[in-house]
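Enquirer: If you want this note's numbering, it's the 1-based position in the sequence shown plus 46.
Sharing a structure with you now.
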Amino acid sequence: MNSDQPNTDTKTEYRRRTPKEHAVRLWREWVKPLAIIIIVCTSFRSAIADWNDVPTGSMKPTILEGDRILVNRLAYGLKVPYTTWHLLKWSEPQAGEIVVCYSPANGDRLVKRVVGVPGDQIEMRNNVLFINGKPLHYGRLDEDLINQIKPEALPRHQFAAETLGEHVHATMITPNVRAPRTFKPIIVPEDRYFMMGDNRDNSADSRSFGFVERSQILGRSSRVALSLDPDCWYWPRWDRTLRKLE
């Protein structure tokens, strides 16, 4: 028998497969492996590590529009993938940390800074935060952070370095816009957190939607993965790649 001749038996066998057999083969060779890959990848993002695109300026000047930040889902505990149920907890969010959480108002994912933890008394007087009756310290920004701010924004805003817990970070206010700059003392309830944006006069945060439940905090962020400038055809901001967030 000539070995160069096509194997007609194999071709005949392939043609004689029923639609059910074709479906089983498609499932076994393509759909099932692809489904496993998708489940593993999405479970990893849901329970271990994730990223979050930032479309708004509520955390400026710390986080800019177009930043994609890394999210450590294991920072505070281990959750069942795709849920807010905790399997284990080993730490709690601390004042000054940047977290990703669900908005109590509409369920959107938000990037905010933890300002108040359970038991804290929070107050604001003309954009000065008071924690447990003591005002936070505000100082001048360092030159590195000032250089990150677009020159045209400097005259319209006021900037300061705020010390919150163990974190010294930048804040921004805009004097010529109406904003909730003052509120009376409030106590943060158990299992709740008070969140604010660093862009204090342009941030929808706990001043409007209230406290955030512990279970609705997805993870902590401390670094920018990459950044694309929406004002410059989404050109990469190379200087922000893997930049540490304070």
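The C-beta atom is built at its ideal place from N, Cα and C for all residues, glycine as well.
1) Rounded to a whole number of angstroms, what is the C-alpha to C-alpha distance between G162 and S137?
2) Could you tell me how far apart the beta carbons of M242 and K158 are, in whole angstroms, since I believe they sit closer than 8 Å?
3) On the premise that E292 lies in contact with K230, defined as a C-beta separation below 8 Å, what is that separation, rounded to the nearest angstrom?
4) Excluding the 5 residues preceding and the 5 following T209 in the sequence, name in chain order all residues of the same chain whose CB lies nearer than 7 Å to its CB.
5) Quick one, are the C-beta atoms of V146 and G265 less than 8 Å apart?
6) Between which two residues does the alpha helix (DSSP H) containing V34 stretch?
7) So, under 8 Å CB-CB, Y283 and S273 are touching, yes? Tell me the CB distance rounded to an integer number of Å.
8) Measuring only the C-alpha atoms, how far is P276 from G112?
9) Look up R97 in the DSSP assignment and give the residues it is bridged to.
10) Is V163 helix, strand or coil when you go by DSSP?
11) Tell me which residues share the same chain as G256 and place their Cβ nearer than 8 Å to its Cβ, disregarding the 5 neighbours each side in the sequence.
12) Take the Cβ of R253 as the centre, count every other Cβ of all protein chains shown within 10 Å, and call the residue buried at 16 or more, exposed below.
13) Apart from the five residues just before and just after T58, which ones in its own chain have a Cβ nearer than 7 Å to its Cβ?
14) Spell out the partners DSSP gives E169 in its beta bridges.
15) Comparing alpha-carbon positions, which option in R224, I115, Y148 and A216 lies nearest E189?
16) Checking the sheet assignment: what are the DSSP bridge partners for C147?
17) Keeping to the same chain, check which residues put their C-beta closer than 6 Å to that of Q167; ignore five residues upstream and five downstream.
18) Taking only three categories from DSSP, how would you classify R238?
19) If you draw a straight line from the alpha carbon of R155 to that of N118, how long is it in whole angstroms?
20) Where L200 and L80 are concerned, what is the direct C-alpha to C-alpha distance, given to the nearest angstrom?
21) Which residues does DSSP list as the beta-bridge partners of P181?
22) Leaving out five residues on either side along the sequence, give the residues of the same chain with a beta carbon under 6 Å from the beta carbon of T130.
23) I think N245 touches G103, with their Cβ atoms under 8 Å apart; what is that distance to the nearest whole Å?
24) Between which residues of its own chain and D247 is the CB-CB distance below 6 Å, once the five residues before and five after are set aside?
25) Where does I195 sit, in a helix, a strand or coil, going by DSSP?
26) I need the straight-line Cα distance from T64 to V70, nearest angstrom please.
Expert: The relevant details are as follows:
1) Here residue 162 refers to the residue found at position 116 of the sequence shown. Here residue 137 refers to the residue found at position 91 of the sequence shown. Going by the C-alpha atoms only, they are around 16 Å apart.
2) Position 196 of the sequence shown holds residue 242. Position 112 of the sequence shown holds residue 158. Going by Cβ atoms, the distance from M242 to K158 rounds to 6 Å, so yes, they are a contact pair.
3) For the purposes of this step, residue 230 is taken as the residue at position 184 of the sequence shown. For the purposes of this step, residue 292 is taken as the residue at position 246 of the sequence shown. That pair is no contact at about 29 Å.
4) Your numbering for residue 209 matches position 163 in the sequence shown. Contacts found: L182 and H183.
5) On the sequence shown, position 100 is the one that residue 146 refers to. On the sequence shown, position 219 is the one that residue 265 refers to. Between V146 and G265, the CB-CB gap stays under 8 Å.
6) Residue 34 lies beyond the range of the chain shown here (47 to 292); nothing can be said about it.
7) Start at 1 with the first residue of the sequence shown, and residue 283 comes out as number 237. Start at 1 with the first residue of the sequence shown, and residue 273 comes out as number 227. Sequence inspection shows Arg at residue 283; the Tyr mentioned does not correspond to that position. Rounded, the Cβ-Cβ distance is 4 Å, consistent with contact.
8) Start at 1 with the first residue of the sequence shown, and residue 276 comes out as number 230. Start at 1 with the first residue of the sequence shown, and residue 112 comes out as number 66. Whole-angstrom Cα-Cα distance: 6 Å.
9) The sequence position of residue 97 within the sequence shown is 51, counting from 1. Sequence inspection shows Trp at residue 97; the Arg mentioned does not correspond to that position. L116.
10) The residue you call residue 163 lines up with position 117 of the sequence shown. In the structure shown, V163 sits in coil (DSSP, three-state: anything other than H, G, I, E or B).
11) For the purposes of this step, residue 256 is taken as the residue at position 210 of the sequence shown. Closer than 8 Å at Cβ, skipping near neighbours: P150.
12) As a position in the sequence shown, residue 253 is number 207, starting the count at 1. The residue in question, R253, is buried, as its Cβ has 16 or more Cβ neighbours within 10 Å.
13) In the sequence shown, the residue the question calls residue 58 occupies position 12. Any reading at T58 is ruled out, since the residue's pLDDT is 49, under 50, leaving its predicted position unreliable.
14) In the sequence shown, residue 169 corresponds to position 123, counting from 1. Looking at the DSSP assignment, E169 forms a beta bridge with F176.
15) The residue labelled residue 189 in the question sits at position 143 within the sequence shown. If we check each option's Cα against that of E189, A216 comes out closest.
16) Locating residue 147 in the sequence shown gives position 101, where the first residue counts as 1. As a beta-bridge residue in DSSP terms, C147 pairs with L156 and I263.
17) On the sequence shown, position 121 is the one that residue 167 refers to. Around Q167, the same chain offers N178, P231 and I233 as residues with beta carbons nearer than 6 Å, after the five sequence neighbours per side are excluded.
18) On the sequence shown, residue 238 is found 192 positions in, with the first residue counted as 1. For R238, the secondary structure class from DSSP, reduced to helix, strand or coil, is strand.
19) Indexing the sequence shown from 1 puts residue 155 at position 109. Indexing the sequence shown from 1 puts residue 118 at position 72. Approximately 15 Å, taken between the alpha carbons.
20) Position 154 of the sequence shown holds residue 200. Position 34 of the sequence shown holds residue 80. Each residue's Cα considered, the two are about 50 Å apart.
21) On the sequence shown, residue 181 is found 135 positions in, with the first residue counted as 1. The bridge partners DSSP lists for P181 are F176.
22) Taking the sequence shown and counting its residues from 1, one reaches residue 130 at position 84. Excluding residues within five positions, the ones whose Cβ falls inside 6 Å are S261.
23) Taking the first residue of the sequence shown as position 1, residue 245 is located at position 199. Taking the first residue of the sequence shown as position 1, residue 103 is located at position 57. At roughly 6 Å, the Cβ-Cβ gap stays under 8 Å, so N245 and G103 are in contact.
24) On the sequence shown, position 201 is the one that residue 247 refers to. Here the set comprises I219, T220, V223 and A225.
25) For this step, residue 195 is matched to residue 149 along the sequence shown. The DSSP-derived three-state label of I195 is coil.
26) Your numbering for residue 64 matches position 18 in the sequence shown. Your numbering for residue 70 matches position 24 in the sequence shown. Whole-angstrom Cα-Cα distance: 10 Å.
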